[in-house]
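In full-length UniProt numbering, the protein residues as written are 1 to 274. Working notes, beginning with the structure itself.
Put into structure tokens, the structure is as follows:
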């Protein structure tokens with residue numbers, strides 16, 4: 001689960017995605033293969049990222065995505081040295097076990113339960129493979145195990161569902177999700193200007209730090225709307241009661257996605273008021 005389809009979102013002038021299952025080079029070290037699993041929550045589909053230093057045959061695959069023919073397309077990209085997961089949601093991780101079995105590559109993630117043939121990742125760790133050093137950035141909020149990967153020397157960062165190429169992300173249902181998420185956005189905003197953003201869904205964007213600042217501004221605006229709805233409703237309204245006000249102009253079929261984000265915002269506000 002990724003996009004909050006009910007939320008306002010930063011706009012992008014990035015090019016449209018290519019055809020499904022075709023490698024599209026994006027930076028000197030990163031290319032993307034788009035999985036054919038489009039939906040209201042995955043945008044055009046899941047971006048599986050192929051990382052390798054120039055001149056290297058081996059590669060790192062980030063988020064192999066669904067367990068279907070998509071994995072065959074990823075295997076065609078060359079010897080796989082390592083599989084990384086940005087978080088546990090199935091649209092990113094479902095194919096990891098089968099892909100590991102097919103390629104012999106270990107799987108690493110923050111959650112040791114998702115790892116195969118390797119230990120769990122640690123915040124701040126530098127992972128070396130395919131001629132690259134990939135730095136692990138802990139970015140909880142969308143999920144407790146969400147990670148971003150900074151590709152040193154490539155001026156790029158893979159953001160999973162923490163920041164999307166279009167739209168805004170759904171917050172997790174864990175306690176403190178919004179506070180976690182705002183801190184994660186601060187960490188991304190501190191990256192050098194011009195760091196290319198390589199998201200889990202949607203098009204790549206030219207400046208991760210600016211996009212994170214845009215996300216922060218959007219979250220603060222949405223938080224104020226929720227605060228005003230609580231004032232109007234009085235007492236302790238449910239997330240759905242707030243959604244009915246804040247997202248009144250959005251199709252009701254999209255409200256369940258907004259429920260999760262509003263629940264996190266209400267918890268954040270209640271803690272600030274206590």
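Every residue gets a Cβ at the ideal spot worked out from N, C-alpha and C, and that includes glycine.
Check                                                                                                                           : Outcome
Cut-off 8 Å between Cβ atoms - residues of its own chain near residue 186, not counting five sequence neighbours on either side : 212, 216
Counterpart residues of residue 31 in DSSP-defined beta bridges                                                                 : 25, 50
Under the three-state DSSP convention, the category residue 183 falls into                                                      : helix
Helix, strand or coil at residue 79 [DSSP, three-state]                                                                         : coil
For residue 72, three-class secondary structure by DSSP                                                                         : helix
Rounded separation between residue 227 and residue 209 - CA only                                                                : 27 Å
The stretch 116 to 123 touching the stretch 156 to 163, judged by at least three CB pairs closer than 8 Å                       : no
Contact set for residue 273: own chain, Cβ-Cβ below 7 Å, skip 5 residues either direction                                       : none
Whole-Å CB distance - residue 88 paired with residue 72, under 8 Å assumed                                                      : Not a contact, Cβ separation roughly 23 Å.
Proximity winner among 260, 156, 221, relative to residue 195 (alpha-carbon distances)                                          : 156
Reduced DSSP secondary structure (H/G/I, E/B, other) of residue 259                                                             : helix
Beta strand (DSSP E) segments (min. 3 residues) lying fully within the stretch 191 to 243                                       : 196 to 199
Three-state secondary structure assigned by DSSP to residue 249                                                                 : coil
Per-residue DSSP class, three states only, for residue 266                                                                      : helix
Buried or exposed by the 16-neighbour rule on C-beta atoms within 10 Å, applied to residue 253                                  : exposed
Integer-rounded CB distance, given that residue 107 should sit under 8 Å from residue 132                                       : That belief does not hold up - the Cβ atoms of residue 132 and residue 107 are roughly 17 Å apart, past 8 Å.
CB of residue 138 within 8 Å of CB of residue 126, strictly                                                                     : no
CB contact flag (residue 171, residue 141, <8 Å)                                                                                : yes
Residue 175 burial status per 10 Å Cβ neighbour count (16 or more: buried)                                                      : exposed
Residue 236, buried or exposed, once every other Cβ within 10 Å from all chains shown has been counted against 16               : exposed
DSSP-derived helix/strand/coil call for residue 161                                                                             : coil
Start and end residues, beta strand (DSSP E) containing residue 137                                                             : 132 to 138
Which listed residue (75, 104, 214, 61) has its alpha carbon closest to that of residue 86                                      : 61
Three-way DSSP call (helix, strand, coil) for residue 169 in this model                                                         : strand
Contact under 8 Å by Cβ, residue 49 with residue 22                                                                             : no
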